[in-house]
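Line order of the protein sequences matches chains A and B.
In terms of the numbering used here, the first sequence opens at residue 1 and continues consecutively.
In terms of the numbering used here, the second sequence opens at residue 195 and continues consecutively.
These notes are about the structure you will find just below.
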Amino acid sequence: MQSFKKIKTVITPLDQVNVDTDQIVPKQFLKLVQKSGFGKFLFYDWRYDDQENLKSDFILNNEKYKNSKILVAGDNFGCGSSREHAVWALQDYGFSVIVAPSFADIFYSNCFKNGLLPIVLEEKIVEKLQRETGMIEVDLENQIIKTSSEEIPFDIDLHKKQILLEGLDDIAQTLQYEKEISEFEKQSKTPSVL
Amino acid sequence: MNLVAYSSTNQSKIIMGKTLFEKIWDAHIVVEKKNNPSLIYIDRHLIHEVTSPQAFDGLRMNHRSVRRPDLTIATMDHNVPTTDRSLPILDQTSAIQIRTLEKNCKDFGIQLFDITSHDQGIVHVIGPQLGITLPGTTIVCGDSHTSTHGAFGTLSFGIGTSEVEHVLASQTLWLDKPKPFEIRVEGKRKNPHAVTAKDIILSIIKNIGTAGGTGTVIEYRGDGISDLSMEQRMTICNMSIEAGARAGLIAPDEKTFDYLRDRKYTPKNYESLVDYWKDHLKTDSDAKFEKIYTLHIDNIAPQVSWGTNPGMTCDVTESVPSPEDFSKGDHNQKKGAEKALEYMDLKPGILITEIKIDRVFIGSCTNARLEDLIEASKIIKGRKISPHVRAMVVPGSQMVKKQAEDLGIDKIFTDANFEWRESGCSMCLGMNPDILSPGERCASTSNRNFEGRQGTGGRTHLVSPVMAAAAAIEGHFVDVRKMDLN
Numbered sequence: 001m002q003s004f005k006k007i008k009t010v011i012t013p014l015d016q017v018n019v020d021t022d023q024i025v026p027k028q029f030l031k032l033v034q035k036s037g038f039g040k041f042l043f044y045d046w047r048y049d050d051q052e053n054l055k056s057d058f059i060l061n062n063e064k065y066k067n068s069k070i071l072v073a074g075d076n077f078g079c080g081s082s083r084e085h086a087v088w089a090l091q092d093y094g095f096s097v098i099v100a101p102s103f104a105d106i107f108y109s110n111c112f113k114n115g116l117l118p119i120v121l122e123e124k125i126v127e128k129l130q131r132e133t134g135m136i137e138v139d140l141e142n143q144i145i146k147t148s149s150e151e152i153p154f155d156i157d158l159h160k161k162q163i164l165l166e167g168l169d170d171i172a173q174t175l176q177y178e179k180e181i182s183e184f185e186k187q188s189k190t191p192s193v194l
Numbered sequence: 195m196n197l198v199a200y201s202s203t204n205q206s207k208i209i210m211g212k213t214l215f216e217k218i219w220d221a222h223i224v225v226e227k228k229n230n231p232s233l234i235y236i237d238r239h240l241i242h243e244v245t246s247p248q249a250f251d252g253l254r255m256n257h258r259s260v261r262r263p264d265l266t267i268a269t270m271d272h273n274v275p276t277t278d279r280s281l282p283i284l285d286q287t288s289a290i291q292i293r294t295l296e297k298n299c300k301d302f303g304i305q306l307f308d309i310t311s312h313d314q315g316i317v318h319v320i321g322p323q324l325g326i327t328l329p330g331t332t333i334v335c336g337d338s339h340t341s342t343h344g345a346f347g348t349l350s351f352g353i354g355t356s357e358v359e360h361v362l363a364s365q366t367l368w369l370d371k372p373k374p375f376e377i378r379v380e381g382k383r384k385n386p387h388a389v390t391a392k393d394i395i396l397s398i399i400k401n402i403g404t405a406g407g408t409g410t411v412i413e414y415r416g417d418g419i420s421d422l423s424m425e426q427r428m429t430i431c432n433m434s435i436e437a438g439a440r441a442g443l444i445a446p447d448e449k450t451f452d453y454l455r456d457r458k459y460t461p462k463n464y465e466s467l468v469d470y471w472k473d474h475l476k477t478d479s480d481a482k483f484e485k486i487y488t489l490h491i492d493n494i495a496p497q498v499s500w501g502t503n504p505g506m507t508c509d510v511t512e513s514v515p516s517p518e519d520f521s522k523g524d525h526n527q528k529k530g531a532e533k534a535l536e537y538m539d540l541k542p543g544i545l546i547t548e549i550k551i552d553r554v555f556i557g558s559c560t561n562a563r564l565e566d567l568i569e570a571s572k573i574i575k576g577r578k579i580s581p582h583v584r585a586m587v588v589p590g591s592q593m594v595k596k597q598a599e600d601l602g603i604d605k606i607f608t609d610a611n612f613e614w615r616e617s618g619c620s621m622c623l624g625m626n627p628d629i630l631s632p633g634e635r636c637a638s639t640s641n642r643n644f645e646g647r648q649g650t651g652g653r654t655h656l657v658s659p660v661m662a663a664a665a666a667i668e669g670h671f672v673d674v675r676k677m678d679l680n
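Structure below.
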């Protein structure tokens, strides 16, 4: 996983609550067996009409937001299906940060496995950010979003921040606890499956 | 199992009880660090074809093996066709995904119930019916409806593909501890054949919202829960994720122990395990829940969803609400409801029973078990579906299909012009050819009514199996309480 660097970009405002992972990547694109290339399927049914032409009224299709790396959305972002393809699609499309008043649990957890930063902010602040048209900077190290007019602090669990900043391999870390896992298995009462 | 804590002020001894969830959690901690996630041991890992290929790739790239193939079980359910199993799979990308799972299971020594197996089925249906799901265990799967297994007093939840890889490699996960949430279901349903477990869980989601359970593990309690059969309890726990909860669970009782006795993979020392579970797997009377919600079910009606998330649901006797009424002053919810009504092509004020349907789907990990099919068949028996409706039954597993056929239930459905299919996830998520056409409206026993869920442009109304059966007959929604059972 790549380590998370400072980001400077315009914001893409997605003024919607309960954006579910079925919208982020519709099911017909879940059949790939690799992690790459999901960006073109991001918000597929919202981005394209049935002739596969771009819909001009969908925010991502606005030229202004073409190189945006931050998506700012409504409450309960990423609800529904556990598909990690949603995170892969957001990243492959170019997003590095998602801001929302709240995230669904599985989506939130999936973000950190891939270096995507989810930031939780109060609804009022999120709505203000959605109106921000200038360049903004996200500084994870100092936990600050800098807009043209202010600095907005955000909270993040220290452990998760470290994972993103260092781009840590989760599994390699866990396997250092081999002794503890083996000891747990010795005393476990749970039978094998078959 | 009581935790002994000492208050910092007067050093007096305080005994704090634990919830069932906390007991299972504590019994699975491998590593615990203050203010950090805990390393939790996973007893059962279920895998399927859609969310596992990238995880196996990751193992290969890093030269890692599967730590406990004996705790890992695989099946193919999400994209398998529900037509004749002897025919080749026409969709090449689905075929590749299925072959990839076969190869991965072979390479890493994992037991697979493949498309030809009598034990194949939706992963959350086969776990319990094979006796793989056991009380007190931790169970994960790369599928959000893993919460289903909580009906047996397990801590079960959906994970992403990176976590699938992590569990394959280490049989553990780093997890933040969710908060315990008590949902009490009190009272007795007047007509339990018409007002079902599906109506209870839809009522709960309607009331607490689709994010009402975020960050929590729900324990369902009360006489309204203990009255339910195991299959009904699975319907309840299955949709915990639709309320945003990490997991849902129900303390095991005699019904639980009876259900799992003598299954194909029930452990040999089962009775001694039962003795242990009886003593340990319950919430202490003095345990504290972070949140509590109570639903009284004496007078609840059959539920029908009208919008594009499961919280957008109302009684069958009601009409489609206006966005103002639905949102109760929240402008974001109001906007959401306006968008939902536009997508669903519905106007506020239309009676639910006036909504005509084109398709009926009885299936999914929510409602495709034997009892669901038996109950729906009582509505269907001796009747024909409406001529403008296309209806299908997709049993939750090949075993459910066989059991239903042994009872002659397939005949009741086919006589009524239902299609009777092979098992799989099918039109719940439409990854296989079973999908809605744009604009088609479906009465579905599944769990999600998101935009395009059952096919691009398709419109889904979530209902119970008996409500779906009644709608198939009449061609529009009806209050199933008014229909005679045959």
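No residue lacks a Cβ here, since even glycine has one placed at the ideal position from N, Cα and C.
Remember, it's a predicted structure, so these values are computed and weren't measured experimentally.
With its beta carbon at least 7 Å from every one in chain A, P517(B) lies outside the interface. With respect to chain A, the C-beta atom of R378(B) has no partner C-beta closer than 7 Å. For S96(A), none of the residues of chain B pass the 8 Å Cβ criterion, the least Cβ distance being about 17 Å. Taking the beta carbon of G78(A) as reference, no residue of chain B falls within 9 Å; the closest one sits roughly 11 Å away. The beta carbon of V126(A) sits no closer than 7 Å to any beta carbon of chain B. The way I'd put it, the stretch 42 to 60 of chain A doesn't touch the stretch 305 to 323 of chain B; fewer than three beta-carbon pairs between them come closer than 8 Å.
Linking E599(B) to G576(B) through their CA atoms gives a straight-line distance of about 17 Å.
Boundaries for W368(B): no alpha helix (DSSP H) harbours it, while the beta strand (DSSP E) harbouring it runs T366 to L369, taken from the DSSP string. Between the stretch 471 to 478 of chain B and the stretch 443 to 454 of chain B, the count of C-beta pairs closer than 8 Å reaches three or more; the two stretches touch. For T366(B), same chain residues with a beta-carbon under 8 Å away, outside a window of 5 residues either side, are V224, L233, I234, Y235, I236 and H360 in chain order. Positions of the alpha helix (DSSP H) runs, each at least 4 residues long and wholly inside the stretch 272 to 356 of chain B, are given as 286 to 302 and 317 to 323 in order along the chain. A Cβ-Cβ contact shorter than 7 Å links S341(B) with S434(B). When CB distances to chain B are screened at a threshold of 9 Å, the residues of the stretch 50 to 66 of chain A falling below it are D50, in chain order.
Within the stretch 278 to 298 of chain B, the residues whose Cβ lies closer than 7 Å to some Cβ of chain A are T287, S288, I290, Q291 and T294, listed in chain order. The closest CA to that of D492(B), considering only R383(B), C431(B) and I399(B), is found on R383(B).
Taking E668(B) as the centre and dropping the five residues before and after it, the same chain places the C-beta of S580 closer than 8 Å to its C-beta, in chain order. Residues of chain B with a Cβ closer than 8 Å to the Cβ of E180(A) are, in chain order, V224, V225 and L233.
Annotated three-state conformation of D45(A) is helix, per DSSP. Separation of I145(A) and P153(A) (C-alpha to C-alpha, rounded to the nearest whole angstrom) is 6 Å.
Flagged as an interface residue toward chain B: Y177(A), by a C-beta distance shorter than 7 Å.
Distance from the CA atom of G325(B) to the CA atom of E180(A), rounded to whole angstroms, is 28 Å. A100(A) is the residue among L116(A), C111(A), N110(A) and A100(A) whose C-alpha sits nearest the C-alpha of K124(A). For H360(B), the neighbours in chain A by C-beta distance under 9 Å run, in chain order, K113, D170, I171 and T174. In summary, the residues of the stretch 619 to 632 of chain B whose CB is separated from some CB of chain A by less than 8 Å are L623, G624, M625 and P632, in the order they occur in the chain. Per DSSP, the unbroken alpha helix (DSSP H) holding I171(A) starts and ends at D170 to T174. Contiguous alpha helix (DSSP H) elements confined to the stretch 113 to 180 of chain A occur at 123 to 130, 158 to 166 and 170 to 174, taking only those with 4 or more residues. Secondary structure note for K373(B): its beta strand (DSSP E) is the uninterrupted segment K373 to E380. Between I59(A) and T12(A) a beta carbon distance of about 6 Å is seen, short of the 8 Å cut, so the two are scored as contacting. Within chain A, the C-beta atoms nearer than 8 Å to that of N503(B) come from N18, D20 and C79, in chain order.
In this structure A345(B) touches R427(B) by the C-beta definition: roughly 4 Å separates them, less than 8 Å.
Residues of the stretch 379 to 408 of chain B whose Cβ lies closer than 8 Å to any Cβ of chain A, in chain order: T404, A405 and T408. If only complete runs of 3 or more residues are kept, the stretch 550 to 594 of chain B shows the beta strand (DSSP E) at 553 to 556 and 584 to 587, in order along the chain.
By the neighbour-count criterion, in which a residue is buried when 16 or more other Cβ atoms sit within 10 angstroms of its Cβ, M677(B) is buried. Secondary structure note for A268(B): it is in no alpha helix (DSSP H), and the uninterrupted beta strand (DSSP E) holding it is T266 to T269. Three or more beta-carbon pairs separated by less than 8 Å link the stretch 238 to 249 of chain B to the stretch 262 to 275 of chain B, which places the two stretches in contact. P247(B) is positioned such that its CB atom lies closer than 7 Å to that of T294(B).
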